[in-house]
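Step one of this worksheet: look at the structure below.
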Amino acid sequence: MSETARQWVPASRLTVLLGEDDLYRHRPRYHEIVRRARDAGLAGASVWRGIEGYGVSSHIHTARLLDLAERLPVLVMIIDDTARLRSFVESNADLLDSVTVALSPVEVFDGVRR
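7 is the number of the first residue of the sequence shown in this note's numbering; add one for each residue after it.
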């Protein structure tokens, strides 16, 4: 692809917020999300471990030195076509029913996409 052919194209970002200790059938839920995204042929998925956050309980979980680092937040991000991400969420409702899922429009530089 030539330099002049590259352009920004519309896509979507699926963001899944959960805790690092969230399990699905005795395995980390974030690992199962990534595995299913790969099996669904989505462009890619990444997982980030947070250093602080809170959820429905309003209890703050933190990785500060004086506190025990437990139940830290985890973010799974997947960027692909909007329809493909919507289909992924709908077909994996059992996996995503107890976490926060958000879908946002983004632009992706076409020279980087597969």
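The beta carbon of each residue, even a glycine, is placed where N, CA and C say it ideally should be. A quick note: this is a predicted structure, and the numbers were derived from the prediction, not measured.
* To do: Could you check the C-alpha separation between A46 and R12 for me, to the nearest Å?
  => Taking the sequence shown and counting its residues from 1, one reaches residue 46 at position 40. Taking the sequence shown and counting its residues from 1, one reaches residue 12 at position 6. So the alpha carbons of these two residues sit roughly 26 Å apart.
* Can you give, in chain order, each stretch of the beta strand (DSSP E) that sits fully within the segment 17-98 and has at least 3 residues? -> As far as the segment 17-98 is concerned, its whole beta strand (DSSP E) runs of at least 3 residues are 51-55 and 79-86.
* Asked: Is the segment 53-68 touching the segment 84-92 in the sense that three or more CB pairs, one from each, lie closer than 8 Å?
  -> Too few Cβ pairs lie closer than 8 Å, so no.
* Rounded separation between S18 and S104 - CA only -> Position 12 of the sequence shown, counted from the start, is the residue given in the question as residue 18. Position 98 of the sequence shown, counted from the start, is the residue given in the question as residue 104. One C-alpha to the other measures close to 22 Å.
* Asked: Which one of T21, G25 and A108 has the shortest CA to CA distance from I66?
  -> By 1-based counting over the sequence shown, the position of residue 66 is 60. Considering only alpha carbons, the answer is G25.
* Let me know if Y36 comes out buried or exposed under the rule of 16 or more other beta-carbons within 10 Å of its beta-carbon. => Taking the sequence shown and counting its residues from 1, one reaches residue 36 at position 30. Buried, since its Cβ has 16 or more Cβ neighbours within 10 Å.
* Asked: From this set, V112, T106, L29 and V15, which residue's C-alpha is nearest G61's C-alpha?
  -> On the sequence shown, residue 61 is found 55 positions in, with the first residue counted as 1. Comparing Cα positions, the closest option is T106.
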